[in-house]
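In our numbering, the protein residues as written are 375 to 739. Accompanying notes for the structure given below.
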């Protein structure tokens, strides 16, 4: 194989593909990036659960395939001088030349690299901005505890033009609804997609739109020359919609930016895992934290309250995760009592919020 490629193009694609490489691969070849030069040049990585493939613009002088240690290639490619990179295979080496810099990397046996999974059938597409926003809103509520795989995923329910994403770690539920362009108007799919994969896909978007594929226990995502497949989790999930509806007797509307900034300031004196205490009354909310060995902090933010005054407490980061998911200028906090969960939602012009976030309250001490 012999190719010439722009340094920045190579470094960007290698970094994107290398992000899924396992830190402790089951077999050595899974630590490699597969470079294939034919009608186009592609870089691929696969760990049996997740695959990533990126197509790049390059001059192909000789077609071929080579498997190169991925993390080393990523380190080298981003440190190369600003010049074109030539990659040539010579015996057991892949020689990278860029300006006066030259690296000879020992290649791995291509024949031992597992067959990449095929992309399932595409079932629809959505704008990259909408997709990234929805993932960013739902993902914080997904658990990082691998002992309960269901809680580490994002539930995706598709019915026609309507898509719903939801995640929970048992202490909060984040849900986002949006519309998309399905291939078929009667498409109906439910799947549990690992949250970490969706987050990586969303981070890597460079504009355009995302094509979504589903089938045979695998989900696929394509955008701007890059594709990712992932093995789906068990479809079992809680009936989250029923938990997001209630006859809320108390409702507080508060400006998102001043509320978030005040919580962050007051939380500076809160000890780890202690509560942020909120006292809602007519016209304002009093934010309090601390009182232990560090000190205490208080701040008042204007709010519009409907219902009785209430004092309620939350874990500060859980509260902030919900508020930072709000895309409108005003957040609505629905409450019933100090011991019941609260529902945070955006305040759109219509009656149907697209983002809802249910968070458990904490016992105040």
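Ideal placement from N, C-alpha and C gives every residue a C-beta, glycine not left out.
A distance below 6 Å between beta-carbons, with the five flanking residues on each side excluded, links residue 378 to the following residues of its chain, in chain order: 433, 458 and 460. The C-alpha of residue 565 lies about 43 Å from the C-alpha of residue 466. For residue 437, the closest of 601, 414, 480 and 538 by C-alpha to C-alpha distance is 414.
With contacts defined by Cβ atoms closer than 8 Å, residue 652 and residue 547 do not form a contacting pair. In terms of Cα proximity to residue 441, the closest of 417, 422, 634 and 550 is 417.
With contacts defined by Cβ atoms closer than 8 Å, residue 383 and residue 431 form a contacting pair. Secondary structure of residue 647 (DSSP, three-state): coil. Note that the C-beta distance between residue 572 and residue 513 is below 8 Å. Annotated as proximal: residue 650 and residue 687, with beta-carbon spacing under 8 Å. Shown here for residue 376: same chain residues with a beta carbon closer than 6 Å to its own, the five before and five after excluded, namely 435, 436 and 462 in chain order. Residues of the same chain with a CB within less than 7 Å of the CB of residue 406, apart from the 5 flanking positions on each side, are 441, 442, 443, 444, 482 and 487 in chain order. The beta carbons of residue 550 and residue 593 sit no closer together than 8 Å. Its Cα nearest to that of residue 470, the residue 451 stands out among 485, 484, 456 and 451. In the three-state reduction of the DSSP assignment, residue 691 falls in the helix class, which pools H, G and I.
Runs of the beta strand (DSSP E) spanning 3 or more residues and lying entirely within the segment 583–635 occur at 583–589, 592–597, 600–605 and 624–629, in chain order.
In terms of CA proximity to residue 582, 598 leads the group 490, 570, 598 and 588.
Under the rule that a run must span 3 or more residues, the beta strand (DSSP E) segments found entirely inside the segment 398–464 read 406–411, 415–420, 424–430, 433–436, 438–443 and 458–464.
The criterion of a C-beta distance shorter than 8 Å is not satisfied by residue 610 and residue 647. Residue pairing from DSSP places residue 731 in a beta bridge opposite 548 and 718.
The beta carbon of residue 388 sits closer than 7 Å to the beta carbons of 407, 417, 447, 448 and 451 from its chain, once the five residues preceding and following it are set aside; these are given in chain order. The residue from 419, 532 and 568 with its alpha-carbon nearest to that of residue 520 is 568. When rounded, the separation of the alpha-carbon atoms in residue 663 and residue 720 is 25 Å.
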